[in-house]
Amino acid sequence: MTPLGPRAGVFTRSPAYVAAAAGLPASARLADDVCGAVAVIPGSGNWWAGLLDARDEGAAAVVIADPAALPREVFAAGTWSGDIPVVVDRPGLRADMVANAVRARRGTLPRVVTVECAAPAALLDAVIRDGLGWARTLTGSQLTLRAGMAAAQGVLALLDSPVAGGSRIPSTLVGTALEGPAAGGLIQVLALGEVRTEVAIDHAAGRVKLETSTVEGALRAPERYEAPARLALRRAIEAASSGREVADLQELLEDQRLAHDVASARAAQ
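Listed below in structure tokens is the structure:
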């Protein structure tokens, strides 16, 4: 890994990330070359190829910006063998919001998780992937698909995840394809049990809600003012400087593979 200087170079052509670098004047500066810099890879198209290219060109770290859903065959044939941190900017699964949700539960696992997603057909796979990421995070373990049904209008799925003692936490997923050119998607997640977590994300309206309820009352997480691009860039610089491992890419691929399974599933006859 190429060590970063006092101010990390940031190689990007994205206006959002140019602004993010300007918002981190003590730790970031724009760079003209990928080598030794934090490379920002646009999430549209085949971002996997862009990730491999950045690694081969000597990037110190990589940010994948709002990754689209990829066909299974694009990444299924190989694995990530890079020794550089990869931070993933997932609008439906912000790292700071996830950390808030887990911390507020104080180690209490849910009894059941429900996930509802809606988006235009072209975006639905990516929105479902992020919804599954919430279920994985709140249950604290990998999800397994048990049954599902896919149709042109969306998908239904039953999943579960293991917990200590041999029991399993059930999760349900409903994904609905919206008609019309509406931008963005909707995610609503409920983790029910002794502690109740509610997550509501409306990309088009720019609204995000995270609320945790216990016998002591309800606690709503404060509004996040840091732009997603700035958060992702800051995390990438910190990871590259410290050598700390980042699980973003592994978690993204896990959620993506499961989303493919859900989309192709058919209910057992």
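Using the working numbering, read the sequence shown as starting at 184 and increasing by one per residue. Every residue gets a Cβ at the ideal spot worked out from N, C-alpha and C, and that includes glycine. Source: prediction; values computed, not measured.
Contact between alanine 446 and valine 338 holds: CB atoms are separated by about 6 Å, below the 8 Å threshold. According to the DSSP assignment, threonine 380 belongs to the beta strand (DSSP E) that extends over 379-385. Contact between the segment 350-360 and the segment 297-316 is present: 3 or more CB-CB pairs across the two stretches fall below 8 Å.
The closest CA to that of leucine 435, considering only Ala203, Val201, Phe258 and Thr297, is found on Phe258.
Annotation for glutamine 371: no alpha helix (DSSP H) segment contains it, though the beta strand (DSSP E) segment containing it runs 369-375. Distance from the Cα of arginine 417 is smallest, within the candidate group Gly233, Val271, Asp236 and Asp216, for Val271. For the 8 Å CB-CB criterion, alanine 251 and valine 223 do not form a contact. The three-state secondary structure of isoleucine 267, taken from DSSP, is coil.
Residue state for alanine 252 is assigned as coil, using DSSP reduced to three classes. Here proline 353 is bridged, per DSSP, to Asp343.
Around the beta carbon of glycine 368, a 10 Å sphere encloses 16 or more other beta carbons of the protein chains shown; the residue is thus reported as buried. Closest in alpha carbon position to aspartate 438, among Ala330, Asp385 and Gly316, is Gly316. Taking the Cα of tyrosine 200 as reference, the smallest distance to any Cα among Ile420, Leu441 and Ala442 is reached at Ile420. Cβ neighbours of alanine 214 within its own chain (closer than 7 Å, five residues either side excluded): Gly192, Val193, Phe194 and Ala220. By a beta-carbon distance limit of 8 Å, valine 372 contacts glycine 314. Their separation comes to about 7 Å. Taking 4 residues as the minimum length, the alpha helix (DSSP H) runs contained wholly in the segment 255-336 are 255-259, 278-288 and 304-322, in order along the chain. Rounded to whole angstroms, the gap between the alpha carbons of isoleucine 352 and threonine 380 is 15 Å.
Excluding five sequence positions before and after glycine 241, the CB atoms of its chain that fall closer than 8 Å to its own CB belong to Thr185, Val217, Cys218 and Gly219, given in chain order.
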